[in-house]
Amino acid sequence: MPKIIRILELLETLAATNVGGSDKVTELTATLQRLQMESKLKDQKQQEEIDIVEAAWKDETRGLMETVATLEEDNRKLTQLLTEKLEEENDNLVKYSASEQQMASVSKLQEQIQKQRDEIRVRNRLIEEKNAESEALQSQVNRLGKLNVDIRRKVAVLEVQGKNLIQQKSELEAKLQTKPKLITDMKIRSGSSPSTMEPVEVDAAAPSISQWPGDPLLANKLVIDLSDPNRPRYTLQELQEVLNDRNKLKAECFLLEEELRFYRGFVCS
């Protein structure tokens, strides 16, 4: 809370003196542009890395699929060969007893078939793992894409707020520049009077206002010495408008700086 009060005091000082406000807005605008450029570069870098990973994964998956196809073809051939051998052996069993060499050959073929099946299972499991990794990567890509869209939207909102803030500051400065003309008009009106004292309409209930003791026409009037440098120069409504504009600009500047700090921390991380 003290930090927020300190920021409000600084913004109040900037708005009161009309010095440094434009530089602050310019700095905020430049910071927005820099953050937008950094976000765009980061998006491009992330997309390039994702493209590289996807290309490598596709190449590896293609190689695994070709290997699986080759193993399946070998398995089919071995199965066909084993079937032929078994049929041949069954035909020969009627006439001849199986020799030890033939049994060893059949056993060897069976071992080869089992080995091929084990390799196929390992390859299939590896393909499933790669598919899971690909799905996780795609999910991360989608999440980053949504996050980048949200960041671009918020940066655009900040740019619009910055432009509105600049326009409001210009309008406030224009209002403040019209005040000297009001003072000049008051001096001109006072010059046409034989006295240097000019009555101004005020609220009768306002404190520290003395009643004119003599002339009843000056009752409930505040007498102002035009030669007094500390005399009132603005109406209460004008001062309230200026203060309201100042408070509004202070609040918008504070919110804008909070948003910039948030996105600056996000881009740096």
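Numbering-wise, the sequence shown is residues 720 to 988 according to this note's numbering.
Ideal Cβ placement from N, Cα and C applies to all residues, glycine included.
Remember, it's a predicted structure, so these values are computed and weren't measured experimentally.
Straight-line CA distance for residue i to residue j?
| i | j | result |
| --- | --- | --- |
| Ile788 | Ile839 | Here residue 788 turns out to be Ala, not Ile, going by the sequence shown. Computed Cα separation, rounded: 9 Å. |
| Ala924 | Asp964 | Because the pLDDT at Ala924 is just 37, under 50, the model does not fix this residue reliably, and the value given afterwards should be weighed accordingly. Approximately 27 Å between the Cα atoms of the pair. |
| Glu878 | Ala970 | 16 Å |
| Val868 | Leu783 | 36 Å |
| Leu751 | Ala775 | 36 Å |
| Gln857 | Ala851 | 10 Å |
| Arg771 | Asp778 | One point to set straight first is that residue 771 is Ile, not Arg, in the sequence displayed. Approximately 11 Å between the Cα atoms of the pair. |
| Val876 | Leu974 | 12 Å |
| Glu792 | Phe981 | 59 Å |
| Arg871 | Ile846 | 37 Å |
| Leu801 | Asn843 | 24 Å |
| Gln887 | Leu958 | 17 Å |
| Ile769 | Thr780 | 16 Å |
| Gln831 | Ser824 | 11 Å |
| Glu977 | Lys849 | 43 Å |
| Leu884 | Glu767 | 37 Å |
| Glu890 | Val961 | 11 Å |
| Asn861 | Leu754 | 22 Å |
| Glu806 | Leu790 | 24 Å |
| Val841 | Lys834 | 11 Å |
Helix, strand or coil for residue i per DSSP?
| i | result |
| --- | --- |
| Ser889 | helix |
| Ser946 | coil |
| Ala925 | Here Ala925 scores only 39 on pLDDT, less than 50, and its place in the model should not be relied on; the value that follows carries that caveat. Coil at Ala925, not helix or strand. |
Sorry if obvious, but does the Cβ on residue i come closer than 8 Å to a heavy atom of the ligand HEM?
| i | result |
| --- | --- |
| Gln799 | As far as ligands go, the structure on display features none, and thus does not contain the ligand HEM. |
Tell me the start and end of each unbroken alpha helix (DSSP H) in the segment 785-872 that is at least 4 residues and wholly inside, in chain order.
Correct list: empty.
For the segment 757-767 against the segment 792-800, are there 3 or more C-beta pairs whose distance is under 8 Å?
No: fewer than three Cβ pairs fall under 8 Å.
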